[in-house]
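To start, the structure under review is shown below, and the notes come after it.
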Amino acid sequence: MALTRFERFLASMLRGAVGMLFAVFQLLAPRRGADRSVRRLPPITNPLLRVPAMQLARMIRRREVTSVEVVQTYIDRIQEINPLINAMVKDRFSLALQEAAQVDKLIEEETGGEDVLEDRLPLLGVPFTVKEAFSLQGMPNSTGLVSRRGVISATDAPPVALLKRAGAIPLGVTNCSELCMWLESHNRLYGITNNPYDLERIPGGSSGGEGSILGGGGSVIGVGSDVGGSIRIPAFFNGIFGHKPTSGVVSNVGQFSSLYSVGVVSNVGQFSSLYSVGVVSNVGQFSSLYSVGVVSNVGQFSYLYSVGVVSNVGQFSYLYSVGVVSNVGQFSSLYSVGVVSNVGQFSSHYSVGVVSNVGQFSSHYSVGVVSNVGQFSSHYSVGVVSNVGQFSSHYSVGVVSNVGQFSSLYSVGVVSNVGQFSSLYSVGVVSNVGQFSLSLQYRWSI
Numbered sequence: 204m205a206l207t208r209f210e211r212f213l214a215s216m217l218r219g220a221v222g223m224l225f226a227v228f229q230l231l232a233p234r235r236g237a238d239r240s241v242r243r244l245p246p247i248t249n250p251l252l253r254v255p256a257m258q259l260a261r262m263i264r265r266r267e268v269t270s271v272e273v274v275q276t277y278i279d280r281i282q283e284i285n286p287l288i289n290a291m292v293k294d295r296f297s298l299a300l301q302e303a304a305q306v307d308k309l310i311e312e313e314t315g316g317e318d319v320l321e322d323r324l325p326l327l328g329v330p331f332t333v334k335e336a337f338s339l340q341g342m343p344n345s346t347g348l349v350s351r352r353g354v355i356s357a358t359d360a361p362p363v364a365l366l367k368r369a370g371a372i373p374l375g376v377t378n379c380s381e382l383c384m385w386l387e388s389h390n391r392l393y394g395i396t397n398n399p400y401d402l403e404r405i406p407g408g409s410s411g412g413e414g415s416i417l418g419g420g421g422s423v424i425g426v427g428s429d430v431g432g433s434i435r436i437p438a439f440f441n442g443i444f445g446h447k448p449t450s451g452v453v454s455n456v457g458q459f460s461s462l463y464s465v466g467v468v469s470n471v472g473q474f475s476s477l478y479s480v481g482v483v484s485n486v487g488q489f490s491s492l493y494s495v496g497v498v499s500n501v502g503q504f505s506y507l508y509s510v511g512v513v514s515n516v517g518q519f520s521y522l523y524s525v526g527v528v529s530n531v532g533q534f535s536s537l538y539s540v541g542v543v544s545n546v547g548q549f550s551s552h553y554s555v556g557v558v559s560n561v562g563q564f565s566s567h568y569s570v571g572v573v574s575n576v577g578q579f580s581s582h583y584s585v586g587v588v589s590n591v592g593q594f595s596s597h598y599s600v601g602v603v604s605n606v607g608q609f610s611s612l613y614s615v616g617v618v619s620n621v622g623q624f625s626s627l628y629s630v631g632v633v634s635n636v637g638q639f640s641l642s643l644q645y646r647w648s649i
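Per my numbering, numbering of the sequence shown is gapless, rising by one per residue and ending at 649.
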């Protein structure tokens, strides 16, 4: 159907307004150090910059090229393009060349042959870059925060250490969005990073520094991170390969911003994390996932907000607004919608639910029952308590509970067991000590 004259007028006004908006944005958009007359990077002329990492390592082991030559080639390329893209925020070129010289000396003195080097040091002499949110010894680790200006890493993050252990040589750290929380790479410490294919466009984020420098031929491997696309977005913005691996393969320790992520632009050293709708796990550390998901941590604490669950062995956990918290050997509290159960401790359920405790006291408020093992039982308005050594309560939709096993069924249902606690609520969740799975809205298992 043809548009009316008035509709055509509105469409033209809208196009004009959008055009003006983008013109103002381009005029005011921060672009550090980029000559606006230059829209693209100089082309790659050295063929070494197009050789994949594993092939490059093989060439170095076979003495077809020296590590010093490879590292110097990448340093030259970074110095050529970085004033235009602002991807690398701090380099360690002098140290990298020294390490490359040591690699060449090691290869020269190796008597076991190429196979020995390949097995022990599969990335020997290959340069790589690291997102500034990760710890790289001697390099800044601010994640773009002004409050962390001047923070210098004393150690290497495990992913970085794994790459170095494989023989790779770090060249420096690259830019990211502030606190790794946006889909571009701009912050008040380092400015904005540009796309290598069009300097007036963004490279994506939050690992945009890695995406830009890899896309521009300034690095061959990059360590990045991914919460809701922080590796994947820069990968397809810059025409490179990015991989967000399966959760929990390698520790997230050594990355600032509450360990939101650990991933790679190259899957070397088997480190990964799952974010956005899923789980983050870290032994002896903490992890946080926001908006839709879960965080679980053995021997530490975890938080889940808005939709989900938090479970922790030997510590405490909290779930707010929609969900459940359970903890073995500690206390747990669920507020507003849910249930709390704890073996050998106390538990309290308020407003809608039940409290049960083996060998302790139990209290049910407003809709329910109070029961104590070996003591009295009472039946109140909509509930029942029956049997010493067994506690059961039936509510609007029903519940089954037993000493040494506590279960409650609420609006949509729940199953719980000592040493394993699971609850399903309006948006639903299943949790198990040392194991976590989440079901959202339609009980899809993630």
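Cβ coordinates follow ideal geometry from the N, Cα and C atoms, glycine included. The model shown is predicted, which means the values in this text are computed figures rather than measured ones.
- When C-alpha distances from T269 are compared across V292, P330, V319, the shortest belongs to P330.
- I263 places its beta carbon less than 8 Å from that of G328.
- Here DSSP, grouped into helix, strand and coil, assigns Q282 to helix.
- The Cβ neighbour count for R243, taken over all protein chains shown within 10 Å, is under 16; the residue is labelled exposed.
- Checking the DSSP bridge columns, you'll see I372 partnered with P330.
- The residues Q340, in chain order, have a CB closer than 7 Å to that of A357 in the same chain once the five nearest residues on each side in sequence are set aside.
- Contact annotation: the stretch 354-369 does not touch the stretch 405-423, with fewer than three C-beta pairs closer than 8 Å.
- Of the residues assessed, F444 falls on the exposed side of the cut-off, its CB having fewer than 16 other CB atoms within 10 angstroms.
- Between N378 and Y400, the CB-CB gap reaches or exceeds 8 Å.
- Scanning its chain for C-beta atoms nearer than 7 Å, with the 5 sequence neighbours on each side dropped, one finds around G420 the residues I247, L252, R280, in chain order.
- Annotation: Q458 to V292 spans about 17 Å, alpha carbon to alpha carbon.
- Between S388 and G418 the beta-carbon gap is near 12 Å, outside 8 Å, which marks them as no contact.
- Taking 8 Å as the upper bound for CB-CB distance, S422 and L374 are in contact here, some 7 Å apart.
- Counting along the chain, no beta strand (DSSP E) covers M384, and no H or E run does either.
- Out of I416, D429, E403, P448, the CA that lies nearest to the CA of L231 is found in E403.
- Under DSSP, no beta-bridge partner is assigned to N397.
- The Cβ atoms of C383 and A336 sit closer than 8 Å to each other.
- Residue state for M342 is assigned as coil, using DSSP reduced to three classes.
- The criterion of a C-beta distance shorter than 8 Å is satisfied by N344 and S338.
- Going by DSSP, K447 is part of no beta strand (DSSP E) at all; its letter is neither H nor E.
- Within the model, the alpha-carbon separation for D359 versus I434 is close to 20 Å.
- Here F440 is buried: its Cβ has 16 or more other Cβ atoms, across all protein chains shown, within 10 Å.
- Within the same chain, G341, M342, P373, L374, G375 come within 7 Å of R295 by CB-CB distance, once the 5 residues on both sides are set aside.
- In the displayed model, G222 falls within a helix according to three-state DSSP.
- Listed in chain order, the non-local C-beta contacts of N249 below 6 Å within the same chain comprise T276, local neighbours out to five positions each way being set aside.
- When beta bridges are read from the DSSP output, D359 appears opposite no residue.
- DSSP places V241 in the coil class of the three-state scheme, outside both helix and strand.
- By DSSP's assignment, D294 forms a beta bridge with G375.
- In the three-state reduction of the DSSP assignment, G457 falls in the coil class.
- The continuous alpha helix (DSSP H) containing V319 extends over residues 317-323.
- Cβ-Cβ distances below 7 Å link E283 to P245 in the same chain, with the five nearest sequence neighbours on each side left out; the list follows chain order.
- Annotation for G414: no beta strand (DSSP E) segment contains it, though the alpha helix (DSSP H) segment containing it runs 411-418.
- The C-alpha of N285 is placed about 30 Å away from the C-alpha of R266.
- As computed with DSSP, F337 is found in a beta bridge with Q458.
- Rounded to the nearest angstrom, the Cβ distance from V456 to P361 is 6 Å, consistent with a contact under 8 Å.
- Cα atoms of A299 and L320: separation of roughly 20 Å, rounded to the nearest angstrom.
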